[in-house]
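In the UniProt record's numbering, the protein residues as written are 1 to 470. Idealized CB from N, CA, C, for every residue including glycine. Below is one structure; the comments refer to it alone.
As structure tokens, this is what we get:
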């Protein structure tokens, strides 16, 4: 049976300001009412498969687990990458774990999918997967080639060779071309877009990795020798994994292996790699505008307008992208959106935080919104889910005032535990051990006022934490 492997890493910097390092593209809802990760798992319903195995960044673990829980999806574990090392090592970790979990003698067939792709025709996706299965069962490495609809310069290409029923032998992989070359590819009819989706037996992938990049396999095997199970999360040996070379599956395996086949897929695929591609695949109004949220558009056309909180009003503009979040506004020409990543680079170099986190930050216990801050003060709106608890902690540089807006709070404040309800408050002096819990059945809404010489999130000394953050 097929074991889906969902790669949920990456930062998606070209979709800034919606996508941030700590809340990247795969967790965003950009089409429909599910996130891209949730859609990736939902589209598996058309094929017979085991529950998926996820791979994600250590910092994204609670977001991934929560999105699966909300959607009602089961899984076979969430492997945590302590550092990013590209797709070849990530898939190696999954293959090793799959063989660990499999019944004696079973060799799982991995369907490797990226969590941040959009596919509109689920039936066509399922059909291509079904066509690929016999080749994977026959020990071949399968990649899925997207039937191109235009001469794109933002994708790699796969040149198809001799036909083998529902697949073609791969003649070569080619890098992102210039426009003239891309047009020649399309005219020839021999090229497909490289989707970054694959299917093969777990053992076959590891065998090819050993043949072509043994240093990657050795590092991954060492890092998986002793794994720690932390709730739903599979933690690998960080020290060993950090020694692993950084390489993609294309470079490390697919381009060097023999017997690789490509199965065509014509399923309305997009990697949602920029605001312009998101505009292309989104529903438009009569003026070809995509409008999300609170938008008034007058005499404007061909625009992507996305409001999270404030009214966006446009008059007489064309081919413009406007994206508003709580802490940033992007205005860009649709033909120049590939340069959005330069803004992210600038933010990093400037020591700012808008590339990394949103003003509203999700935590395993709920979320907080930094609604105001000064040099020595910060105000947060805190939401704690029913039954959840923040870590037992203290701060060296700040004091905190907590005011309950709605719900019930159980507060550890030094050596006392008190219950607070609506309109009640407490004060946590600097250096005092404290904790916050919601013992009720509705969300706890609070206002937190911090004052002190340093208000960074790293001024937390944790003594006990149910989410493994000690």
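### Task
Go ahead and label residue 137 buried or exposed: buried means 16 or more other beta carbons lie within 10 angstroms of its beta carbon, across all protein chains shown.
Along the chain shown, one-based indexing puts residue 137 at 137. Residue 137 should be labelled exposed.
### Task
Give me the Cα-Cα distance between residue 150 and residue 287, rounded to the nearest whole angstrom.
Locating residue 150 in the chain shown gives position 150, counting from the first residue. Locating residue 287 in the chain shown gives position 287, counting from the first residue. Taking the straight line joining both Cα atoms gives about 23 Å.
### Message
Based on DSSP bridge pairs, tell me the residues matched to residue 235.
### Response
Here residue 235 refers to the residue found at position 235 of the chain shown. Residue 235 is bridged to 80 and 228.
### Query
Which same chain residues, not among the five before or five after residue 135, have their C-beta less than 7 Å away from its C-beta?
Locating residue 135 in the chain shown gives position 135, counting from the first residue. The residues are 142, 167 and 261.
### Query
What is the residue span of the beta strand (DSSP E) that residue 398 lies within?
One-based indexing of the chain shown puts residue 398 at position 398. Run containing residue 398: 398-406, per the beta strand (DSSP E) assignment.
### Query
Should residue 375 be labelled buried (16 or more other beta-carbon atoms within 10 Å of its own) or exposed?
If you number the chain shown from 1, residue 375 lands on position 375. It is exposed - the Cβ of residue 375 has fewer than 16 other Cβ atoms within 10 Å.
### Task
Give the C-beta separation of residue 92 and residue 199 to the nearest angstrom, bearing in mind that I take them to be a contact with Cβ-Cβ under 8 Å.
By one-based count along the chain shown, residue 92 stands at place 92. By one-based count along the chain shown, residue 199 stands at place 199. The pair is not a contact, with the Cβ atoms about 16 Å apart (cut-off 8 Å).
#### Entry: Start and end residues, beta strand (DSSP E) containing residue 454
In the chain shown, counting from the first residue as 1, residue 454 sits at position 454. No beta strand (DSSP E) holds residue 454; DSSP gives it neither H nor E.
### 9 Å Cβ cutoff met for residue 369 and residue 378
As a first step, residue 369 is located in the chain shown; it is residue number 369 there, counting from the start. As a first step, residue 378 is located in the chain shown; it is residue number 378 there, counting from the start. No, these two residues do not count as a Cβ contact at 9 Å.
### Message
Across the stretch 316-326 and the stretch 299-308, are there enough close Cβ pairs to call them in contact, namely three or more that are closer than 8 Å?
### Response
yes
### Task
Scan the stretch 66-138 and note each continuous alpha helix (DSSP H) run of 4 residues or more that stays entirely inside, going in chain order.
87-101 and 122-137
### Query
Exposed or buried, which one is residue 6 when buried takes at least 16 other CB atoms within 10 Å?
Position 6 of the chain shown, counted from the first residue, corresponds to residue 6. Result: buried.
### Where residue 214 sits in the DSSP three-state scheme
For the purposes of this step, residue 214 is taken as the residue at position 214 of the chain shown. Residue 214 falls in the helix class under three-state DSSP.
### Query
My guess is that residue 13 and residue 117 are in contact by the Cβ rule of under 8 Å, so how many angstroms apart are they, rounded?
For the purposes of this step, residue 13 is taken as the residue at position 13 of the chain shown. For the purposes of this step, residue 117 is taken as the residue at position 117 of the chain shown. Actually they do not touch by this definition, with Cβ atoms about 17 Å apart.
### Task
Reducing DSSP to helix, strand and coil, say where residue 145 ends up.
On the chain shown, residue 145 is found 145 positions in, with the first residue counted as 1. Residue 145 falls in the strand class under three-state DSSP.
### Task
Quick one: give me the first and last residue of the alpha helix (DSSP H) that residue 39 is part of.
Translated into the one-based positions of the chain shown, residue 39 becomes position 39. Unbroken alpha helix (DSSP H) run through residue 39: 36-42.
### Task
Could you name the residues that DSSP lists as bridge partners for residue 30?
Counting from one through the chain shown, the residue named residue 30 turns up at place 30. Beta-bridge pairing links residue 30 to no other residue.
### Query
Which value, in whole angstroms, describes the spacing of the CA atoms of residue 432 and residue 413?
If you number the chain shown from 1, residue 432 lands on position 432. If you number the chain shown from 1, residue 413 lands on position 413. Rounded to the nearest angstrom, the two C-alpha atoms are 7 Å apart.
### Backbone CA spacing between residue 392 and residue 400 [nearest angstrom]
Along the chain shown, read from residue 1 onward, the residue named residue 392 stands at position 392. Along the chain shown, read from residue 1 onward, the residue named residue 400 stands at position 400. Straight-line Cα distance between these residues: approximately 14 Å.
### Query
Do the stretch 379-386 and the stretch 29-39 make contact, defined as three or more Cβ pairs closer than 8 Å?
no
#### Entry: Spatially closest choice to residue 438 from 338, 390 and 206, by CA coordinates
Within the chain shown, numbered from 1, the residue matching residue 438 stands at position 438. Of the listed residues, the one whose Cα sits closest to residue 438 is 390.
### residue 470 to residue 458 span [Cα, whole Å]
Within the chain shown, residue 470 is the residue found at index 470, counting from 1. Within the chain shown, residue 458 is the residue found at index 458, counting from 1. Roughly 12 Å separates the two Cα atoms.
### Query
Exposed or buried, what is residue 33 when buried is set at 16 or more other beta-carbons lying within 10 Å of its beta-carbon?
For the purposes of this step, residue 33 is identified with residue 33 of the chain shown, where counting begins at 1. So residue 33 counts as exposed.
### Message
For the alpha helix (DSSP H) containing residue 179, name the first residue and the last one.
### Response
As a position in the chain shown, residue 179 is number 179, starting the count at 1. Per DSSP, residue 179 belongs to the alpha helix (DSSP H) from 179-188.
### Local Cβ density within 10 Å of residue 352, reported as buried at 16 or more and exposed below that
To locate residue 352, count along the chain shown from 1; it is residue 352. That one is exposed.
### Message
Is the beta carbon of residue 436 closer than 9 Å to that of residue 397?
### Response
Reading the chain shown from its first residue, position 397 is the one you call residue 397. Reading the chain shown from its first residue, position 436 is the one you call residue 436. No, Cβ-Cβ distance for residue 397 and residue 436 is not below 9 Å.
#### Entry: Simplified DSSP assignment, three categories, for residue 61
Position 61 of the chain shown, counting from 1, holds the residue named residue 61. DSSP places residue 61 in helix when its eight states are reduced to three.
#### Entry: Distance between beta carbons of residue 356 and residue 21, contact taken as under 8 Å
Walking along the chain shown from the start, residue 21 turns up at place 21. Walking along the chain shown from the start, residue 356 turns up at place 356. Indeed, because the Cβ distance is near 4 Å, the residues count as touching under 8 Å.
### Task
With 9 Å as the threshold, decide whether the Cβ of residue 47 is near any Cβ in chain C.
The chain inventory of the structure shown lacks chain C, comprising one protein chain alone.
#### Entry: residue 346 - containing alpha helix (DSSP H), residue span
What you label residue 346 is simply residue 346 of the chain shown in a count that begins at 1. Segment 340-349, the alpha helix (DSSP H) holding residue 346.
### Message
Here's the rule I'm using: 16 or more other beta-carbon atoms within 10 Å means buried, otherwise exposed. How should residue 177 be labelled?
### Response
Numbered from 1 along the chain shown, position 177 holds the residue referred to as residue 177. Looking at its Cβ environment, which holds 16 or more other Cβ atoms inside 10 Å, residue 177 is buried.
### Query
Can you round the beta-carbon distance between residue 300 and residue 285 to whole angstroms, since I take them to be within the 8 Å contact cut?
Locating residue 300 in the chain shown gives position 300, where the first residue counts as 1. Locating residue 285 in the chain shown gives position 285, where the first residue counts as 1. Not a contact, Cβ separation roughly 10 Å.
### Query
residue 473 lies in the alpha helix (DSSP H); which residues open and close that run?
The chain is shown from 1 up to 470; residue 473 falls before or after that span and cannot be answered.
### Task
Measure the C-alpha to C-alpha separation of residue 77 and residue 52 and round it to an integer number of angstroms.
On the chain shown, residue 77 is found 77 positions in, with the first residue counted as 1. On the chain shown, residue 52 is found 52 positions in, with the first residue counted as 1. Taking the straight line from one Cα to the other gives about 8 Å.
### Task
Note the first and the last residue of the continuous alpha helix (DSSP H) segment covering residue 281.
Against the chain shown, residue 281 aligns to sequence position 281. Looking at the DSSP string, the run of the alpha helix (DSSP H) that includes residue 281 is 275-281.
### Status (buried if at least 16 other CB within 10 Å, exposed otherwise) for residue 295
Reading the chain shown from its first residue, position 295 is the one you call residue 295. Burial call: buried.
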